[in-house]
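Protein chains in written order, with our numbering: chain A, 7 to 337; chain B, 7 to 337.
In structure tokens:
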């Protein structure tokens, strides 16, 4: 079977590709496990994956119909759509966000529709679809009222994908992902970028700026948990979803202050003191519009997973990054 | 001030235009009442309005960027966007629905954004945004999960208009209209077309087919009430709306059987017997996905109105149509 990952050279895309190449198979559009014969990675940046005869790494923008046509062959069975312009950038450049986040998704859906295979289409959506006046606890049926262009664009994509699924054009499933933490590498233009930075940079001996207040509540998921949930989302039978193709993911509710406390317990006070608290109203406005606490009985019932605690997330990051951090988590 | 009505040659558009020409003024984009210097009606059909020096009647499709550019001049202060491909047609022709209902709205919003006036943009949305598993009573914060392409497209437009408003590009307000009943004229391809037909045709001495069961609950609004609410929606100050630009309209909750009972009380058993009950699963599926009962405290608080009862709606239709129906409503 042929699989496509958009944003396939990004951090999550690369990790997902590695997992797929190791596991070698995936449920096809008919639900039966099939060998992965071709894995297409499409991204504006080149892939850093080790060479593999099954990998087709394309460099190009999915805002370009020719690129989408090349990336999604008519016999594609599964699509993981991870590519996006991140929240801070979509807020600063509305037109870029509409093109990259909405129009590109529509191009992908159209191409998938006309392939004729009704491929499983996994859309990485976001808790950023929520905003404004919200209950303390977001429920599975809470109405999304986004207060950012990124959140609006993700919600437009969810709705379009749901109608494409209802019409039988694709077999879609949209997972509303929490903030992924801890991302490796450099900060990006996501308003949530700090959530990784305030742990990652201090652990690497560098200072990090935290642009929101310590009591800001976050809804988090570790990278490995996210990969597991994306794969699980692809594996679900359409009958398990019915006409409700959008699922709030489970997550870990924790305040930014508690995250830095966990860092201190893990690596000591000197490390935690590398976090500088410098409020940025533009970032805080977007981040504070996102909910920090969800009840997710539907996702749990469908078999999606959450991280158990933040200390484990720090430890997994340190292990993956090969950092020689002196953990004092057991003291 | 310059005002634009899309779908301006349609039934509601024509009635709205007549009301505007009589009232002569409207709140401008600064909120102060202004004389209407120009009223542009854009429609694929020619306008049937009596000649008036203030009226600019354009024939063309708002799916055409050139037509939109001509219709919305940079100094346009108010837009009533009523044009749409109706529910039955949007379900039968997905691509037409996306073009006419979504892409055209996006063209209008873009044009309004770049005019620089931040015009008041009134979007006629629909209760068709709701569907699927719904509570008995739809509340102001019930999550919309449309089960038709028409409902999906209207919801996409609401979201886009909301983000355009949040960004300060336009001053938008989307009114989720109930089924408008009783429309004069011929049946159309709306799944709800029967709701007018089962009253209008029998009153005119003709038979009418009802494609849904008598216990189907409808959420209705009369044409004159709809005109009043569209104008009221335009007149609201942006501060009254905040970031919540979408409003469930109040309405009249009544079953189709009760509608025909009201017809019988108004015009007699012989008239009511002109309704033939012939279930149509395609129409019933769409209509049954719409809710028939709402609690609308927000709309009521903002000053929107509902019809008092169905007998008054029948009477107003008979008066407007000049029918010489023998009402026995007082017997």
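Ideal placement from N, C-alpha and C gives every residue a C-beta, glycine not left out.
Would you mind listing the beta strand (DSSP E) stretches within the stretch 79-142 of chain A that are 3+ residues and don't spill past its ends, in chain order? 82-87, 126-132
Which runs of the beta strand (DSSP E) at least 3 residues long sit entirely within the stretch 19-76 of chain A? Give them in chain order. 31-33, 39-41, 44-49, 61-65
Would DSSP call residue 187/B helix, strand or coil? Here residue 187/B is taken as the residue at index 181 of the second chain, counted from 1. Looking at residue 187/B - three-state DSSP - the assignment turns out to be coil, as it is neither helix nor strand.
Among 177/A, 198/A, 248/A, which one has its Cα closest to the Cα of residue 308/A? Locating residue 308/A in the first chain gives position 302, counting from the first residue. Of the candidates 177/A, 198/A, 248/A, the one whose C-alpha sits nearest the C-alpha of residue 308/A is 248/A.
Along the chain, where does the beta strand (DSSP E) that runs through residue 7/A open and close? Walking along the first chain from the start, residue 7/A turns up at place 1. Counting along the chain, residue 7/A falls outside any beta strand (DSSP E), and DSSP gives it neither H nor E.
Go ahead and pull the three-state DSSP assignment for residue 317/B. The residue labelled residue 317/B in the question sits at position 311 within the second chain. Reduced to three states, the DSSP call for residue 317/B is helix.
Run down chain A in chain order and give the residues with a C-beta less than 7 Å from the C-beta of residue 412/B. Since the first and last residues shown for chain B are 7 and 337, residue 412/B lies out of range.
Would residue 166/A pass as a contact of residue 152/A if the rule is Cβ separation under 8 Å? Numbered from 1 along the first chain, position 160 holds the residue referred to as residue 166/A. Numbered from 1 along the first chain, position 146 holds the residue referred to as residue 152/A. No. Outside cutoff.
Inter-residue CB distance, residue 135/A and residue 182/A (contact presumed, cutoff 8 Å): Locating residue 135/A in the first chain gives position 129, where the first residue counts as 1. Locating residue 182/A in the first chain gives position 176, where the first residue counts as 1. With a Cβ gap of about 6 Å, residue 135/A and residue 182/A count as contacting.
Would you identify the three-state DSSP class for residue 337/B, choosing helix, strand or coil? Numbered from 1 along the second chain, position 331 holds the residue referred to as residue 337/B. Because the pLDDT of residue 337/B is 37, which lies under 50, any placement of that residue in the model is unreliable, and the number read from its coordinates should be weighed accordingly. If DSSP states are grouped into helix, strand and coil, residue 337/B belongs with coil.
Residue 243/B: buried (16+ other C-beta within 10 angstroms of its C-beta) or exposed? Start at 1 with the first residue of the second chain, and residue 243/B comes out as number 237. Label assigned to residue 243/B: exposed.
Per-residue contacts from residue 138/B into chain A (C-beta, under 9 Å): Numbered from its first residue, the second chain carries residue 138/B at position 132. What residue 138/B touches in chain A: 248, 249, 250.
What separation, rounded to the nearest whole angstrom, lies between the Cα atoms of residue 306/A and residue 256/A? In the first chain, residue 306/A corresponds to position 300, counting from 1. In the first chain, residue 256/A corresponds to position 250, counting from 1. Taking the straight line joining both Cα atoms gives about 7 Å.
Which stretch, first to last residue, makes up the alpha helix (DSSP H) that contains residue 167/A? Sequence index remark: in the first chain, residue 167/A carries index 161 (1-based). 155-172 is the span of the alpha helix (DSSP H), which, as asked, contains residue 167/A.
Is residue 60/B near the ligand GDP, going by C-beta to nearest heavy atom under 7 Å? With respect to the ligand GDP, the structure shown offers nothing to examine, as it has no ligands at all.
On the three-pair Cβ rule with 8 Å, is the stretch 175-193 of chain A touching the stretch 127-134 of chain A? yes
CB-CB under 7 Å to residue 221/B, same chain, minus the five flanking residues each way: which ones, in chain order? Reading the second chain from its first residue, position 215 is the one you call residue 221/B. Hits under 7 Å: 261, 263.
Report back the beta-carbon spacing between residue 108/B and residue 11/B to the nearest angstrom; my notes put them in contact at under 8 Å. Sequence index remark: in the second chain, residue 108/B carries index 102 (1-based). Sequence index remark: in the second chain, residue 11/B carries index 5 (1-based). Contact flag wrong, Cβ pair sits at about 19 Å.
What does residue 181/B reach in chain A if we use C-beta pairs closer than 8 Å? Taking the second chain and counting its residues from 1, the one referred to as residue 181/B is at position 175. In chain order: nothing, as chain A lies at least about 16 Å away.
Environment of residue 277/A [buried if 16+ CB atoms lie within 10 Å]: Taking the first residue of the first chain as position 1, residue 277/A is located at position 271. It counts as buried.
Is residue 228/B closer than 8 Å to residue 187/B when the C-beta atoms are compared? Mapped onto the second chain, residue 187/B falls at position 181. Mapped onto the second chain, residue 228/B falls at position 222. Yes.
Closer than 8 Å, CB to CB, is residue 308/A near chain B or not? Here the question's residue 308/A lines up with position 302 in the first chain. Output row for residue 308/A: interface = no.
Measuring only between beta-carbons, confirm whether residue 193/B sits less than 8 Å from chain A. Numbered from its first residue, the second chain carries residue 193/B at position 187. Not an interface residue.
Thinking C-beta only, is residue 20/A closer than 8 Å to residue 54/A? Looking up residue 54/A in the first chain gives position 48. Looking up residue 20/A in the first chain gives position 14. Yes. Within cutoff.
Check whether the Cβ atoms of residue 23/A and residue 16/A lie closer than 8 Å to each other. For the purposes of this step, residue 23/A is taken as the residue at position 17 of the first chain. For the purposes of this step, residue 16/A is taken as the residue at position 10 of the first chain. Not a contact, by the Cβ cut-off of 8 Å.
Within the chosen definition, does the stretch 65-84 of chain A reach the stretch 135-144 of chain A through at least 3 CB pairs nearer than 8 Å? no
How is residue 299/A classed by DSSP in three states: helix, strand or coil? Locating residue 299/A in the first chain gives position 293, where the first residue counts as 1. Residue state, collapsed to three classes: coil.
Under a Cβ-count criterion, where at least 16 other Cβ atoms within 10 Å of its own Cβ denotes burial, should residue 336/B be classed as buried or exposed? Residue numbering aside, residue 336/B sits at position 330 when the second chain is read from its first letter. Annotation note: pLDDT 41 at residue 336/B (below 50); position unreliable, coordinate value reported separately. Label assigned to residue 336/B: exposed.
Nearest to residue 72/B by alpha carbon, out of 59/B, 103/B, 110/B, 43/B? What you label residue 72/B is simply residue 66 of the second chain in a count that begins at 1. Taking only the C-alpha atoms, the option nearest residue 72/B is 110/B.
Kindly give me the distance between the Cβ atoms of residue 156/A and residue 103/A, rounded to whole angstroms, as I take these residues to be in contact under 8 Å. As a first step, residue 156/A is located in the first chain; it is residue number 150 there, counting from the start. As a first step, residue 103/A is located in the first chain; it is residue number 97 there, counting from the start. With 8 Å as the limit, residue 156/A and residue 103/A qualify as a contact, their Cβ atoms being about 6 Å apart.
CB-CB under 7 Å to residue 184/A, same chain, minus the five flanking residues each way: which ones, in chain order? Translated into the one-based positions of the first chain, residue 184/A becomes position 178. So the list reads 133, 225, 226, 227, 255, 257, once near-sequence residues are dropped.
Please report the distance separating the alpha-carbon of residue 96/A from that of residue 236/B. By 1-based counting over the first chain, the position of residue 96/A is 90. By 1-based counting over the second chain, the position of residue 236/B is 230. Answer to the nearest angstrom: the Cα atoms are 32 Å apart.
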